[in-house]
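*Asks:*
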Amino acid sequence: MQLTAKDFTAMFRQIATRIEGERNHLCELDGHIGDADHGIAMEQGFGAIVKALDTSEPATPTDVFNTAAKSFLNAVGASSGPLYATAFLRAGAAFKGKETVAIDEAPSVIEAMARGVAERGKAELGDKTMIDAWKPAAIAVEQAREAGKPLSEVLAAARKAAEEGAEATKTMVASKGRSSRLGERSLGHMDPGAASAAIIVGEICDFLARS
Numbered sequence: 009m010q011l012t013a014k015d016f017t018a019m020f021r022q023i024a025t026r027i028e029g030e031r032n033h034l035c036e037l038d039g040h041i042g043d044a045d046h047g048i049a050m051e052q053g054f055g056a057i058v059k060a061l062d063t064s065e066p067a068t069p070t071d072v073f074n075t076a077a078k079s080f081l082n083a084v085g086a087s088s089g090p091l092y093a094t095a096f097l098r099a100g101a102a103f104k105g106k107e108t109v110a111i112d113e114a115p116s117v118i119e120a121m122a123r124g125v126a127e128r129g130k131a132e133l134g135d136k137t138m139i140d141a142w143k144p145a146a147i148a149v150e151q152a153r154e155a156g157k158p159l160s161e162v163l164a165a166a167r168k169a170a171e172e173g174a175e176a177t178k179t180m181v182a183s184k185g186r187s188s189r190l191g192e193r194s195l196g197h198m199d200p201g202a203a204s205a206a207i208i209v210g211e212i213c214d215f216l217a218r219s
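My numbering puts the first residue of the sequence shown at 9, with every later residue one more than the last.
#1: Report the residue from Arg-26, Glu-36 and Ser-160 whose alpha carbon sits nearest the alpha carbon of Met-198.
#2: Can the beta-carbon of Cys-213 be found less than 7 Å from the beta-carbon of Leu-159?
#3: Please report the distance separating the alpha-carbon of Gln-151 from that of Gly-129.
#4: Compute the beta-carbon to beta-carbon distance between Pro-166 and Val-209, rounded to the nearest angstrom, for a pair I have assumed lies under 8 Å.
#5: Exposed or buried, Arg-218, counting other C-beta atoms within 10 Å across all chains shown (16 or more means buried)?
#6: I'd like the ranges of any beta strand (DSSP E) spanning at least 3 consecutive residues and lying wholly in the region 14–53.
#7: Where DSSP assigns a beta bridge to Ala-86, which residues make up the other side?
#8: Going by other Cβ atoms of all chains shown within 10 Å of its Cβ, with 16 needed for buried, is Gln-52 buried or exposed?
#9: Relative to the alpha-carbon of Arg-21, which residue among Glu-30, Leu-34, Ile-147 and Lys-59 has its alpha-carbon at the smallest distance?
#10: CB-CB under 6 Å to Val-109, same chain, minus the five flanking residues each way: which ones, in chain order?
#11: Within a Cβ cutoff of 6 Å, which residues of the same chain sit near Phe-96, ignoring the five residues on either side of it in sequence?
#12: What does Leu-11 pair with, by DSSP beta-bridge criteria?
#13: Closest to Gly-89 by CA distance: which of Ser-64, Asp-112, Thr-63 and Ala-56 is it?
#14: Can you look up Pro-200 in the DSSP assignment and give me helix, strand or coil?
#15: When you compare each of Ala-131, Ala-114, Thr-17 and Arg-123 to Thr-63 by their alpha carbons, which one comes out closest?
#16: Going by CA-CA distance only, name the one from Ala-170, Asp-112 and Ala-120 that's closest to Leu-133.
#17: If we ignore side chains and look at the alpha-carbon of each, how far apart do Ile-41 and Ala-203 end up?
#18: Quick check: the Cα distance between Gly-156 and Val-149, rounded to an integer number of angstroms?
#19: So is Arg-128 in contact with chain B if we call contact Cβ pairs under 7 Å?
#20: From this set, Leu-216, Ala-131 and Ala-13, which residue's C-alpha is nearest Gly-105's C-alpha?
#21: Report the residue from Met-9, Met-19 and Tyr-92 whose alpha carbon sits nearest the alpha carbon of Ala-49.
#22: Report the three-state DSSP secondary structure of Leu-133 (helix, strand or coil).
#23: Rounded to whole angstroms, what's the CA-CA distance from Ala-205 to Asp-71? Just pull it up for me.
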């Protein structure tokens, strides 16, 4: 099966719907170690993406991700804005020159987005940031593919790794971002950026599994 620009637009719509539903939960998580607005920012960002995609009708998968990058950055001025804008640009670059993307190639979006977040944020595993969900998911995709696993198992591995990575941030002391000011007091709380990252990875995997 080949995925078109319309398919990736539908994927973003699915992510936006889930993020909207998790807004209050993400804000609650952020309230423990931040400004309690992460859910609002993510909802605004993905809402802006959907609105832009609905009005621009991108022709290729790369166009979809480039539009997502610009609209998310314009909507979200917080640190997650540049991080996800870069992530989307890297995903778009991964599919450059392609009118469609083979379904088996599509998990590359997780690897590309993880690279973008890492490049822009300069965070490492264990810093208690969104990279603690994104990087394990990307590694899981790579390892499952190298092992010759079918698509369903690649996606399941990515989802599981992201969820476990987000959960693991509860045991970490924040060393990046605003929550780093709390030091040891950040222990015991899940990083909201990692939580939203796990949600996004999960929705990408769910969409691809049903495509």
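Note that CB positions come from ideal geometry on N, CA and C, so glycine has one too.
*Replies:* In terms of the structure at hand:
#1: Glu-36
#2: no
#3: 24 Å
#4: Looking at the sequence provided, one finds Ala at residue 166 rather than Pro. With a Cβ gap of about 6 Å, Ala-166 and Val-209 count as contacting.
#5: exposed
#6: none
#7: DSSP lists no partner for Ala-86.
#8: buried
#9: Lys-59
#10: Leu-11, Pro-69 and Phe-103
#11: Phe-73, Ala-76 and Ala-77
#12: Val-109
#13: Ala-56
#14: helix
#15: Thr-17
#16: Ala-170
#17: 13 Å
#18: 11 Å
#19: Of the protein chains in this structure there is only one, and it is not chain B.
#20: Ala-13
#21: Tyr-92
#22: coil
#23: 22 Å
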